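Visitor: Can you read through this structure? Questions will come right after.
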Amino acid sequence: MDIIQCIQEKVDKIFDEIYSINECQPAFTISLLFEGAGDNKHDMEHKIVLTVEHNDFAFSKVIFPNVKNTYGYESLEEEMRYLYNRTM
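The sequence shown lines up with residues 1 to 88 when you count with my numbering.
So this is what it looks like as structure tokens:
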């Protein structure tokens, strides 16, 4: 199992605990973003992205790496809540 699958499993668990009771359920997806120049995958930067789709909106946010946070990372649950609230 790779890191993307591990994070997706945790996202799914949080979804089940918090969002599964919603009448109109959001969909949360973890994906890998390749950025950079060149055709070689090794020359590209990798970022882990969280996406929510809900109420005909879709928002994404890079959750790793986050170089703007001085004191560490937000919890995965908080990142999900932030994106979910943007769809309301």
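Think of the CB as a built atom: it goes at the ideal place given N, C-alpha and C, for glycine as much as any other residue.
Nothing here was measured: the structure is a model prediction, and the numbers come from that model.
For Q25, which residues in the same chain have their Cβ closer than 7 Å to its Cβ, ignoring the five residues on either side in sequence?
Guide: Along the sequence shown, one-based indexing puts residue 25 at 25. Closer than 7 Å at the Cβ level, and outside the excluded window around Q25, lie Y19.
Visitor: Provide the residue span of the beta strand (DSSP E) that contains V52, from first to last.
Guide: Within the sequence shown, the letter at position 52 stands for residue 52. 45 to 54 is the extent of the beta strand (DSSP E) around V52.
Visitor: Decide if I3 is buried, meaning its Cβ has at least 16 other Cβ atoms within 10 Å, or exposed.
Guide: On the sequence shown, position 3 is the one that residue 3 refers to. When all chains shown are included, I3 counts as exposed.
Visitor: May I ask which residues mark the beginning and end of the alpha helix (DSSP H) holding E77?
Guide: In the sequence shown, residue 77 corresponds to position 77, counting from 1. E77 -> alpha helix (DSSP H) spans 76 to 86.
Visitor: Ends of the alpha helix (DSSP H) at K68?
Guide: Against the sequence shown, residue 68 aligns to sequence position 68. That residue, K68, is in no alpha helix (DSSP H); it is neither H nor E in DSSP.
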